[in-house]
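Encoded as structure tokens, the structure appears first; notes follow it.
Numbering (the numbering used here), first residue to last: -6 to 81.
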């Protein structure tokens, strides 16, 4: 996020997901809060775990961090795609 801030970004797209990081999850949360306090909007894909994991486990880092906007997938009718993760 430092690179994004130094180069004038307003939005940081994080289209990736990592497994549960345990104790390191606090570091992701700190980074998110720091980036938002500096003026960045953080956006992350919600993931593609609807068919393999129950709610609320579907959301992972970084999209599970409260200050990150999680974006799900929709189909042509604008309804939730069968693969798209969702959270509480």
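Beta carbons: idealized from backbone N, C-alpha and C, even for Gly. Just so we're clear, the structure is a prediction, and the values are computed from it rather than from any experiment.
Rounded straight-line distance, which links the Cα of residue j to that of residue i
{"i": "residue 59", "j": "residue -1", "result": "24 Å"}
{"i": "residue 68", "j": "residue 76", "result": "10 Å"}
{"i": "residue 30", "j": "residue 36", "result": "15 Å"}
{"i": "residue 65", "j": "residue 9", "result": "13 Å"}
{"i": "residue 51", "j": "residue 40", "result": "The pLDDT assigned to residue 51 is 46, lower than 50, so where the model puts this residue is not dependable; a value taken from the coordinates is nonetheless given after this. If you take the alpha carbons of residue 51 and residue 40, they lie about 7 Å apart."}
Helix, strand or coil at residue i according to DSSP, with G and I counted as helix
{"i": "residue 73", "result": "strand"}
Residues bridged to residue i (per DSSP)
{"i": "residue 6", "result": "36"}
{"i": "residue 62", "result": "36"}
Among the options, nearest to residue i - alpha-carbon criterion
{"i": "residue 78", "options": "19, 62, 38, 71", "result": "38"}
{"i": "residue 27", "options": "64, 8, -3, 65", "result": "-3"}
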